[in-house]
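Each residue of the sequence shown is one higher than the last, beginning at 400 in my numbering.
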Amino acid sequence: IFGDTIDDTHTFNGHITASGNISGSSTSTLTLGGDITANDLIVNQITASGNISSSGTIQSTGNITSEGTTLTLKNASSPKVVIKDTSNNFALELEQTNLDSTIRFDDHAQQDLNFVSNADSNHMVLDSGNGFTGIGKVPTLSKLDVNGDITSTHITASGDISSSGIFYGKEFNFGNAND
């Protein structure tokens, strides 16, 4: 009888064609020396000791995890990483062109870009609704809105400077610099 013991081995030279399923037990191993061509291939786990490549899209309904330290995307024109929340279709894009590096967040007025640190949950906020930037502050009320001290070696203003507090300094000159 053909295949009547578990240690039977059969070698075929040529093609094997089946009009139905080919199955094995949960401990079965299929070893091929060539390519697999299939319309739909369902695999529970793939383990590779070398590179895995694709000329098309790789899709996953689960998590994709890498234990490596670097994720590299190479493309001759503008490689891009898109992180999309499908519940509201908001997206964050990281893109590298020949001339620019861009972080883009969707055109939704409700979607701000937040930089959070251990020291401050509002470290920096880019408000997409009004185009304002807040440092240590939400909501933002002007083009640059800072909650905290600003230190600078030189400040130049072409318009008015106003204060609700006291001006401190070594010297104040009022009027034309030539007077």
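For every residue, glycine included, the Cβ atom is placed at its ideal position computed from N, Cα and C.
For the 9 angstroms CB-CB criterion, D526 and D548 do not form a contact.
Looking at the backbone, the Cα of G423 and that of G461 are separated by about 26 angstroms. Excluding its 5 nearest sequence neighbours in each direction, S541 has C-beta neighbours in its own chain below 8 angstroms: F531, listed in chain order. Apart from sequence neighbours up to five positions away, the residues of its chain that approach T496 with a beta-carbon distance below 6 angstroms are S477, ordered along the chain.
When C-alpha distances from L472 are compared across G449, E494, T464, D407, the shortest belongs to E494. In the three-state scheme derived from DSSP, where H, G and I count as helix and E and B as strand, D484 is classed as strand. Around the beta carbon of G432, a 10 Å sphere encloses fewer than 16 other beta carbons of the protein chains shown; the residue is thus reported as exposed. Here N546 has G535, K536 as same chain residues with Cβ atoms under 6 angstroms from its own Cβ, once five neighbours each way along the sequence are excluded.
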